[in-house]
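Undergrad: Once you've had a glance at the structure underneath, I'll fire off some questions.
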Amino acid sequence: MNRQRPGPPEPVASSPAARAEFGRRLARRNRQESRFRLAGLCAVLAGLAFLAFFFLTLIGNAYTAFAQTHILLDVELSAAAIDPEGTRNRQTLGRADYQGLIRNALRQQFPAVTRRGDLRQLFALVSPGAGFDLRKQVLANPGLIGQKQRFWLAADDDVDMLIKGHMNRSAPESQRRINDRQLAWIEQLEAAGRIERQFNHRFFISGDSRDPEMSGIRSAVAGSFYMLLVTLALSFPLGVATAIYLEEFAPKNRWTDLVEVNINNLAAVPSIVFGLLGLALFINLFGLPRSVPLVGGLVLTLMTLPVVIIAARAALTSVPPSIREAALGVGASKMQAIFHHVMPLALPGMLTGTIIGMARALGESAPLLMIGMVAFIVDVPESPLDPSAALPVQIYLWADSPERAFVERTSAAILVLLAFLLVMNAGAILLRKRYEKHG
Amino acid sequence: MKSMDNGGLVFDGGGLNVTEGAKRAAGALIGNLRAYESSRLSNVIEEAHHTAGDYTAVNAIMRARNVDVFYGDNHAIKSVNLDVGANEVISLIGPSGCGKSTFIRCLNRMNDTIESARVEGEIVLDGENIYSREADVVLLRARVGMVFQKPNPFPKSVYDNVAYGPRIHGLAPDRQALDQIVQSSLERAGLWAEVKDRLHYPGTGLSGGQQQRLCIARAIAVGPEVILMDEPCSALDPIATAHIEDLIDELKKNFAIVIVTHSMQQARRVSQRTAYFHLGRLIEVGATSQVFSEPRRKLTEDYITGRFG
């Protein structure tokens, strides 16, 4: 009965010794806290420093890609060469040898060059794709035929590199891709004001090309865009519906537990496995074409779905139950309570999850390799069923190319990818803000 | 149908045989009533099985008979019989965990949302068992409205809060009719004067007491017959509480009100009948004045005099 119970603890300030002891403990506690804070601050600063370094090198590498060296030539658009019969038939116009016209213009510019080998080196100053640009202009304006016109034509990538300073003019001849004779011609052209760096619009409006100066990211951007469109259109409604069913309607038993465990596991499956699944299922079994954004989007949907489902479920559980009760209390059905009241509150969280999944999908290249999106695609796709490239795969392809001029284009394409991501995230944040305000 | 006041008969029935179940119940009671003298124990066992007082009402809207509720293995409500009369306020009192909230949530089947909950017995509204297979829970909740412990307006405008119920039930053919319903509901909830200029501001921006009256307006907008209130004032200050109590007095002209409360003063002030729950059993029910002035049961007396709970 009279068991000795420990009395209440002594007051902290009972004696000078106790006070001193307490002070020591307090100091230690404060030191621990400030150490932790310092560590956090250092981590943040280090992170920022790395980020700044990354962006500086990236932009430093990339910015030259947005300009392209052009050479001004007086091209004789002789009617005899382009349209010998004078019919102005578009097919005839399209078949003419425009590269030949450019060669003639170069020959006129440098009449002293006559030997075959020299001439080949001279012609190499202008991009092999310049003829296509010329053809495009003539087709757009057939009235030019028969006239002598001044055209800014794209220079070859080696010339471009030299002008941009990526190639050392004073290096020994054997160590540069432009020989001394070509260098002399270029300097002549420069002196005549016939060489200029102009905005590189081709980078944004054309597809991939073997010639760096002719290559662009339009095909890759369009491919990625269509792919994300397919992914978003499938993974958001499917994921949210799955989450709602599992969270609100499905009975809690062993089967739903199994489904849940598997969804969580799927979120951690390496992405290339989804690529293999897509190859086996969509291409081999369903017979969908290869290299098309539709299949890419389907594969990325498989990959994104678990992320969306997990985020949407978390968002649903975080809605206070009082809202559900309020809706049910006035006689809303379960479905009405969820769609009228729970969903609007959970939507910001669902959108966040979806955008994380989409961002991951945008940057994914491994599964796309499996379904043939690594192919060399020059044309810009016009629908999700046209073969196309994808941004991350395009970056990978360019990074793998030997030409020096692809280095800056790789960096520029990475910048475009990041910008794409930024725009997507900004859109999602705006959407979320809207719902948070009105929800 | 109507049973007699059987307060005096209890001891005959209860004393007949003490079953195993009763012994267990007694064990539970001992745990809960630390202060209870052991000499009174046998009486407690006997009393615990029967409701003292008349659990019927003259013109009952809802009748609960032999209601048992289980949460998994936990037997939360044990064979409760209780009527809710038209135009009366009946308050349910009792210590925490006694099952009064569980019981009130049976009346509009809010317990359906809890996976493990199981309800036995019958609860009759207008001659129909609300737990029968044919009963529609959506219609039931439109007829038996509910106000919760914490004010829970939708994060929408004041107008949309009140209009939501009429909208989903199609009670208003056009916009004007809906406006009319919203206005009259807010008026009856005593909130109209305060919010008529900010109908389109969020309901969550109102004060706590206003929010609770908004919830009451939302409940009456669908035209219920019974309003269940689960400790509607526990999150409010005394002035807001007084407001709600006045409102309850006003509302009983049109509705039957079942209110769960922890405040015995409140039960005394607002209700005509009082039911005392203890450990899942309905111990005593009767006119409020009678229950508070001359309780039939020692348990009731101890609770209302503040000896425990």
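For the protein sequence lines, the chains are F and W, in the order given.
If you read the first sequence in the working numbering, its first letter stands for residue 759, the second for the next number, and so on.
If you read the second sequence in the working numbering, its first letter stands for residue 5, the second for the next number, and so on.
Just so it is clear, CB atoms sit at the ideal spot from N, CA and C, and this is done for glycine as well.
1) Which residues mark the beginning and the end of the alpha helix (DSSP H) in which F/M1108 is found?
2) Could you tell me whether any non-hydrogen atom of the ligand ATP is closer than 7 angstroms to the CB of F/S1141?
3) Going by beta-carbon coordinates alone, are W/I65 and W/V264 separated by less than 8 angstroms?
4) Kindly list, in the order they appear in chain F, the residues whose Cβ is closer than 7 angstroms to that of W/H204.
5) Do W/G213 and W/I248 have their beta-carbon atoms positioned less than 8 angstroms apart in this structure?
6) Restricting to Cα atoms, I'd like to know which of F/F1007, F/L830, F/M1061 is closest to F/R1118.
7) Report the neighbours of W/A246 on chain F: residues whose CB is nearer than 9 angstroms to its CB, in chain order.
8) Which residues bound the beta strand (DSSP E) around W/K82?
9) Using beta-carbon positions only, say whether W/K104 and F/S1080 come within less than 8 angstroms of one another.
10) Quick test of your reading: F/Q933 and F/L835, contact by CB under 8 angstroms. State the CB separation rounded to the nearest angstrom.
11) How about W/A221 and W/S189: are their beta carbons less than 8 angstroms apart?
12) Quick one: Cα of F/L880 to Cα of F/N937, how far?
13) Curious, which full-length alpha helix (DSSP H) runs of at least 4 residues does the segment 834 to 901 of chain F contain?
14) When you compare only the Cα positions, how much space is there between F/L902 and F/I1129?
15) Would a check of beta-carbon distances place W/P159 closer than 8 angstroms to chain F?
16) Looking only at its own chain, which residues have a Cβ that is under 7 angstroms from the Cβ of F/A776, when we skip the five neighbours before and after it?
17) Taking the alpha-carbon positions, what's the F/I1135 to F/P1145 distance?
18) Can you tell me the Cα-Cα spacing of F/A1008 and F/A1001, whole angstroms?
19) Going by DSSP in three states, W/H54 sits in which element: helix, strand or coil?
20) Determine the contact status of W/V142 and W/A167, defining contact as a CB-CB distance below 8 angstroms.
21) Suppose the cutoff is 7 angstroms on Cβ atoms and the five residues either side in sequence are ignored; what does the same chain contact list for W/R38 look like?
22) Against chain W, which members of the segment 1077 to 1110 of chain F pass a CB distance test of less than 9 angstroms?
23) Give me, in chain order, the residues of the same chain whose beta-carbon lies closer than 6 angstroms to that of F/H1099; leave out the 5 immediate sequence neighbours on both sides.
24) Any residues in the segment 1003 to 1014 of chain F with a beta carbon nearer than 7 angstroms to a beta carbon of chain W? Which ones, in chain order?
25) Can you say whether F/L1037 is buried or exposed, counting buried as having 16 or more other CB atoms within 10 angstroms of its CB?
26) Measure the Cβ-Cβ separation of W/L255 and W/I108 and say whether it is below 8 angstroms.
27) Let's test the definition: count the other Cβ atoms within 10 Å of the Cβ of W/R311 and tell me whether it reaches 16, buried, or not, exposed.
28) For W/T278, which of W/E198, W/F296, W/R285 has the nearest alpha-carbon?
29) How big is the Cα-Cα spacing for F/L1004 and F/I1021?
30) Can you look up W/R202 in the DSSP assignment and give me helix, strand or coil?
TA: For this structure:
1) Walking along the first sequence from the start, residue 1108 of chain F turns up at place 350. Note, F/M1108: alpha helix (DSSP H), 1101 to 1120.
2) With respect to the ligand ATP, the structure offers nothing, as it holds no ligand at all.
3) In the second sequence, residue 65 of chain W corresponds to position 61, counting from 1. In the second sequence, residue 264 of chain W corresponds to position 260, counting from 1. Their beta carbons are not under 8 angstroms apart, which means W/I65 does not touch W/V264 by this criterion.
4) Position 200 of the second sequence, counted from the first residue, corresponds to residue 204 of chain W. Per Cβ cutoff of 7 angstroms: no residues; W/H204 is ~12 angstroms from chain F at best.
5) Within the second sequence, the letter at position 244 stands for residue 248 of chain W. Within the second sequence, the letter at position 209 stands for residue 213 of chain W. Taking 8 angstroms as the Cβ cut-off, W/I248 and W/G213 qualify as a contacting pair.
6) The residue labelled residue 1118 of chain F in the question sits at position 360 within the first sequence. Here the closest residue by C-alpha is F/M1061.
7) In the second sequence, counting from the first residue as 1, residue 246 of chain W sits at position 242. Near W/A246 there are no residues of chain F at all, since even the closest Cβ is about 24 angstroms away, more than 9 angstroms.
8) Within the second sequence, the letter at position 78 stands for residue 82 of chain W. From DSSP, the beta strand (DSSP E) with W/K82 extends over 78 to 89.
9) Here the question's residue 104 of chain W lines up with position 100 in the second sequence. Here the question's residue 1080 of chain F lines up with position 322 in the first sequence. Their beta carbons are not under 8 angstroms apart, which means W/K104 does not touch F/S1080 by this criterion.
10) Reading the first sequence from its first residue, position 175 is the one you call residue 933 of chain F. Reading the first sequence from its first residue, position 77 is the one you call residue 835 of chain F. Actually they are not in contact, since the Cβ atoms of F/Q933 and F/L835 sit about 39 angstroms apart, beyond 8 angstroms.
11) Here residue 221 of chain W refers to the residue found at position 217 when the second sequence is read from its first residue. Here residue 189 of chain W refers to the residue found at position 185 when the second sequence is read from its first residue. Going by C-beta atoms, W/A221 is nearer than 8 angstroms to W/S189.
12) Here residue 880 of chain F corresponds to residue number 122 of the first sequence, with the count starting at 1. Here residue 937 of chain F corresponds to residue number 179 of the first sequence, with the count starting at 1. Distance between the alpha carbons of F/L880 and F/N937: 11 angstroms.
13) 837 to 840, 848 to 853, 856 to 867, 874 to 881, 888 to 898
14) For the purposes of this step, residue 902 of chain F is identified with residue 144 of the first sequence, where counting begins at 1. For the purposes of this step, residue 1129 of chain F is identified with residue 371 of the first sequence, where counting begins at 1. The straight-line gap from Cα to Cα measures roughly 45 angstroms.
15) As a working mapping, residue 159 of chain W is identified with position 155 in the second sequence. It does: the Cβ of W/P159 has a partner Cβ on chain F nearer than 8 angstroms.
16) Here residue 776 of chain F corresponds to residue number 18 of the first sequence, with the count starting at 1. Around F/A776: E768, V770.
17) Working through the first sequence from its first residue, we reach residue 1135 of chain F at position 377. Working through the first sequence from its first residue, we reach residue 1145 of chain F at position 387. In a straight line, the C-alpha of F/I1135 is about 7 angstroms away from that of F/P1145.
18) Taking the first sequence and counting its residues from 1, one reaches residue 1008 of chain F at position 250. Taking the first sequence and counting its residues from 1, one reaches residue 1001 of chain F at position 243. Using only the alpha carbons, I get a separation of about 10 angstroms.
19) Walking along the second sequence from the start, residue 54 of chain W turns up at place 50. Coil.
20) The residue labelled residue 142 of chain W in the question sits at position 138 within the second sequence. The residue labelled residue 167 of chain W in the question sits at position 163 within the second sequence. No. Outside cutoff.
21) Here residue 38 of chain W corresponds to residue number 34 of the second sequence, with the count starting at 1. Model confidence at W/R38 stands at a pLDDT of 49, short of 50, so the residue's coordinates are unreliable and nothing is read from them.
22) P1078, P1079, S1080, I1081, R1082, E1083, A1084, A1085, L1086, G1087, V1088, G1089, A1090, S1091, K1092, Q1094, H1098, H1099, P1102, L1103
23) The residue labelled residue 1099 of chain F in the question sits at position 341 within the first sequence. Only I1081, A1085 meet the Cβ criterion.
24) K1010
25) Locating residue 1037 of chain F in the first sequence gives position 279, counting from the first residue. It is buried - the Cβ of F/L1037 has at least 16 other Cβ atoms within 10 Å.
26) Your numbering for residue 255 of chain W matches position 251 in the second sequence. Your numbering for residue 108 of chain W matches position 104 in the second sequence. Going by C-beta atoms, W/L255 is not nearer than 8 angstroms to W/I108.
27) Along the second sequence, one-based indexing puts residue 311 of chain W at 307. When all chains shown are included, W/R311 counts as exposed.
28) Counted from its first residue, the second sequence places residue 278 of chain W at position 274. Cα-wise, what sits closest to W/T278 is W/F296.
29) Mapped onto the first sequence, residue 1004 of chain F falls at position 246. Mapped onto the first sequence, residue 1021 of chain F falls at position 263. In a straight line, the C-alpha of F/L1004 is about 11 angstroms away from that of F/I1021.
30) Here residue 202 of chain W refers to the residue found at position 198 when the second sequence is read from its first residue. It is coil, neither helix nor strand.
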